[in-house]
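S.K.: In my numbering, the protein residues as written are 265 to 667. Note that beta-carbon positions come from the ideal geometry of N, C-alpha and C, so glycine has one too. Next up is a structure, given as structure tokens.
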Amino acid sequence: MLERKTIDHEKAVLIGIINREQDEEKVTEYLDELEFLTYTAGGEVIKRYVQRIDVPNPKTFIGSGKMAEVETFVKEHEVGSVIFDDELTPVQQRNIEKQLRCKILDRTGLILDIFAQRAQTSYARTQVELAQYEYLLPRLTGLWTHLERQRGGIGMRGPGETEIETDRRIVRDRIALLKKKLTKIDRQMETQRGNRGSLVRVALVGYTNVGKSTLMNVISKSNVFAENKLFATLDTTVRKVVIGNLPFLLSDTVGFIRKLPTQLVESFKGTLDEVREADLLLHVVDISHPNFEEHIDSVNQVLSEIGCAEKATIMVFNKIDLYKHEVIAEDDLTTEKTARHMTLDEWENTWMKRMGGNALFISALNKENLDEFKQRVYRAVREIHVTRFPYNNFLYPENLDAY
265 MLERKTIDHE KAVLIGIINR EQDEEKVTEY LDELEFLTYT AGGEVIKRYV
315 QRIDVPNPKT FIGSGKMAEV ETFVKEHEVG SVIFDDELTP VQQRNIEKQL
365 RCKILDRTGL ILDIFAQRAQ TSYARTQVEL AQYEYLLPRL TGLWTHLERQ
415 RGGIGMRGPG ETEIETDRRI VRDRIALLKK KLTKIDRQME TQRGNRGSLV
465 RVALVGYTNV GKSTLMNVIS KSNVFAENKL FATLDTTVRK VVIGNLPFLL
515 SDTVGFIRKL PTQLVESFKG TLDEVREADL LLHVVDISHP NFEEHIDSVN
565 QVLSEIGCAE KATIMVFNKI DLYKHEVIAE DDLTTEKTAR HMTLDEWENT
615 WMKRMGGNAL FISALNKENL DEFKQRVYRA VREIHVTRFP YNNFLYPENL
665 DAY
């Protein structure tokens with residue numbers, strides 16, 4: 265008989281800094297995202313600390329006064345993890361751990377932890393393990409001293425190899441082994457993609473938690489895991505979809521995020537091959553998020569890093585059912601109108617109008633405007649298909665209404 269377990273969330277404290285590059289409003293938004301990441305990893309945020317500092321302290325990232333304040337709070341409330349919004353250097357991480365005597369994570373370490381939890385297939389686990397080892401290598405410290413020096417026997421009384429050097433060698437060997445394994449899997453995946461024939465390939469891309477998997481389930485009538493958490497999807501899923509009588513392949517890829525760790529972009533190059541080899545990208549955006557334009561920029565940055573910035577793209581603005589704009593009272597003459605006060609109709613008449621019909625507004629969950637979405641995708645896929653197979657264009661009418 266299965267026992268019912270109650271999961272205790274680990275107490276966590278978040279720390280961010282205000283500087284020339286990020287003002288108070290932006291830091292608050294970054295920490296909101298970091299709190300969602302912490303929740304996804306199984307933590308519970310009980311306190312946030314923000315310090316205004318132009319240049320991070322090279323020893324402890326934040327100032328000594330703020331660090332003493334954090335130390336007191338950690339001891340009083342038995343906090344398990346302290347998480348920093350920016351990447352810490354190995355020296356900073358060691359110094360902070362020594363002072364606070366609890367787990368210290370930065371944004372990169374937290375994302376790696378979530379990826380390790382979410383990885384299901386052997387391919388995803390290998391990619392995450394490689395990223396973790398590359399992140400760990402410069403952070404290795406001699407946490408134990410029982411083999412301080414490995415001594416040789418008679419005639420070999422040199423200093424030997426320190427334990428930290430042994431650890432580094434083991435990690436480097438493991439990294440080399442994982443890279444070989446990934447190269448082999450990449451070749452297998454390439455063969456699989458080659459066996460799919462000449463079907464048009466469409467890839468869903470976008471920020472994490474924008475509803476890509478939900479949209480995938482609605483269009484392909486499949487059952488891809490979807491959840492209101494960051495990085496619910498880690499393994500690429502490919503499904504055959506038919507709109508009208510036109511078949512194509514649709515792939516659901518890993519979501520992107522701001523300050524995406526370099527190790528992850530490198531390790532997940534293989535997964536992103538699905539995006540590279542796609543004929544059409546559906547860039548899904550959560551329009552209900554107040555900073556969705558920044559999310560678009562973050563995704564475009566990663567797409568240009570992997571050489572996909574020039575691909576044919578349709579922007580799909582999802583979650584219109586959750587969109588709420590702020591209203592300015594009629595007698596309010598001081599409040600300036602900003603992006604947060606714009607209605608969906610007003611958004612449609614901004615830069616989105618210049619996309620020539622390549623901006624769609626839908627709700628995948630409530631299935632709103634899905635007919636319009638299918639019409640637009642059908643036309644785009646048909647255009648690619650007819651170019652590839654000009655002799656059978658009569659099989660697919662120009663408009664879905666013909667069905």
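(1) What's the gap between the Cα of residue 363 and the Cα of residue 584?
(2) Looking at the structure shown, is residue 622 part of a helix, part of a strand, or coil, going by DSSP?
(3) What is the DSSP secondary structure of residue 312, counted as helix, strand or coil?
(4) Excluding the 5 residues flanking residue 551 on each side, which residues of the same chain have their C-beta closer than 8 Å to its C-beta?
(5) Which residue's Cα is closest to the Cα of residue 298: 288, 286, 312?
(6) Quick check: the Cα distance between residue 442 and residue 393, rounded to an integer number of angstroms?
(7) Here's a check: name, in chain order, each residue in its chain whose Cβ is nearer than 7 Å to the Cβ of residue 284, leaving out the five neighbours to either side.
(8) Measure the alpha-carbon distance for residue 360 versus residue 323 and round it to whole angstroms.
(9) Below 8 Å on the Cβ atoms is my contact criterion, and I expect residue 463 with residue 517 to pass it. Report the Cβ-Cβ distance as a whole number of Å.
(10) Below 8 Å on the Cβ atoms is my contact criterion, and I expect residue 513 with residue 642 to pass it. Report the Cβ-Cβ distance as a whole number of Å.
(11) List the whole-angstrom C-beta distance separating residue 629 from residue 475, where the pair is believed to meet the contact cut-off of C-beta under 8 Å.
(12) With distance defined between alpha-carbon atoms, name the residue in 501, 358, 579, 356 nearest to residue 615.
(13) Quick one, are the C-beta atoms of residue 436 and residue 404 less than 8 Å apart?
(14) If you measure between the beta carbons of residue 349 and residue 279, is that distance less than 8 Å?
(15) Tell me whether residue 649 is buried or exposed, calling it buried when 16 or more other Cβ atoms sit within 10 Å of its Cβ.
(16) What separation, rounded to the nearest whole angstrom, lies between the Cα atoms of residue 592 and residue 600?
(17) In terms of DSSP beta bridges, what is residue 370 paired with?
(18) Tell me whether residue 547 sits in a helix, a strand or coil according to DSSP, three-state version.
(19) My parser needs the alpha helix (DSSP H) runs of 4 or more residues fully inside the segment 562-633; what are they?
(20) Could you tell me the alpha carbon to alpha carbon distance between residue 330 and residue 554, rounded to whole angstroms?
(21) Among 439, 663, 543, which has the Cα closest to the Cα of residue 651?
(22) Could you check the C-alpha separation between residue 373 and residue 632 for me, to the nearest Å?
(23) Could you give the DSSP three-state label for residue 285: helix, strand or coil?
M.R.: By the coordinates alone:
(1) For the purposes of this step, residue 363 is taken as residue 99 along the sequence shown, with counting starting at 1. For the purposes of this step, residue 584 is taken as residue 320 along the sequence shown, with counting starting at 1. It is roughly 47 Å from the alpha-carbon of residue 363 to the alpha-carbon of residue 584.
(2) In the sequence shown, the residue the question calls residue 622 occupies position 358. Coil at residue 622, not helix or strand.
(3) Numbered from its first residue, the sequence shown carries residue 312 at position 48. In the structure shown, residue 312 sits in a strand (DSSP, three-state: E or B).
(4) For the purposes of this step, residue 551 is identified with residue 287 of the sequence shown, where counting begins at 1. Result list for residue 551: 581, 582, 583, 584, 587, 608, 611, 625, in chain order.
(5) Locating residue 298 in the sequence shown gives position 34, where the first residue counts as 1. Cα-wise, what sits closest to residue 298 is 312.
(6) By 1-based counting over the sequence shown, the position of residue 442 is 178. By 1-based counting over the sequence shown, the position of residue 393 is 129. Their Cα atoms are separated by approximately 8 Å.
(7) Against the sequence shown, residue 284 aligns to sequence position 20. Once the five neighbours on either side are set aside, the close Cβ partners of residue 284 are 318.
(8) On the sequence shown, position 96 is the one that residue 360 refers to. On the sequence shown, position 59 is the one that residue 323 refers to. Each residue's CA atom was taken as its position, placing residue 360 and residue 323 some 8 Å apart.
(9) Here residue 463 refers to the residue found at position 199 of the sequence shown. Here residue 517 refers to the residue found at position 253 of the sequence shown. Going by Cβ atoms, the distance from residue 463 to residue 517 rounds to 17 Å, so no, they are not a contact pair.
(10) In the sequence shown, counting from the first residue as 1, residue 513 sits at position 249. In the sequence shown, counting from the first residue as 1, residue 642 sits at position 378. Distance from residue 513 to residue 642 at the Cβ level is roughly 15 Å; contact not present, criterion being Cβ atoms closer than 8 Å.
(11) Position 365 of the sequence shown, counted from the start, is the residue given in the question as residue 629. Position 211 of the sequence shown, counted from the start, is the residue given in the question as residue 475. So it is a contact: roughly 7 Å between Cβ atoms.
(12) Reading the sequence shown from its first residue, position 351 is the one you call residue 615. Closest by alpha carbon: 579.
(13) Here residue 436 corresponds to residue number 172 of the sequence shown, with the count starting at 1. Here residue 404 corresponds to residue number 140 of the sequence shown, with the count starting at 1. Remark: C-beta atoms of residue 436 and residue 404 do not approach each other more closely than 8 Å.
(14) Walking along the sequence shown from the start, residue 349 turns up at place 85. Walking along the sequence shown from the start, residue 279 turns up at place 15. Yes, Cβ-Cβ distance for residue 349 and residue 279 is below 8 Å.
(15) Start at 1 with the first residue of the sequence shown, and residue 649 comes out as number 385. By the Cβ-count criterion, residue 649 is buried, with 16 or more other Cβ atoms from all chains shown falling within 10 Å of its own Cβ.
(16) Your numbering for residue 592 matches position 328 in the sequence shown. Your numbering for residue 600 matches position 336 in the sequence shown. Near 9 Å, if we compare the C-alpha coordinates of residue 600 and residue 592.
(17) Walking along the sequence shown from the start, residue 370 turns up at place 106. DSSP lists 348 as the beta-bridge partner residues of residue 370.
(18) Within the sequence shown, residue 547 is the residue found at index 283, counting from 1. Correct three-state label for residue 547: strand.
(19) With a minimum length of 4 residues, the continuous alpha helix (DSSP H) runs that stay inside the segment 562-633 are 608-612.
(20) The residue you call residue 330 lines up with position 66 of the sequence shown. The residue you call residue 554 lines up with position 290 of the sequence shown. Those two C-alpha atoms are separated by around 30 Å.
(21) Locating residue 651 in the sequence shown gives position 387, where the first residue counts as 1. Comparing Cα positions, the closest option is 543.
(22) Against the sequence shown, residue 373 aligns to sequence position 109. Against the sequence shown, residue 632 aligns to sequence position 368. Going from the Cα of residue 373 to the Cα of residue 632 covers about 38 Å.
(23) The residue you call residue 285 lines up with position 21 of the sequence shown. The answer is coil: DSSP assigns residue 285 none of H, G, I, E or B.
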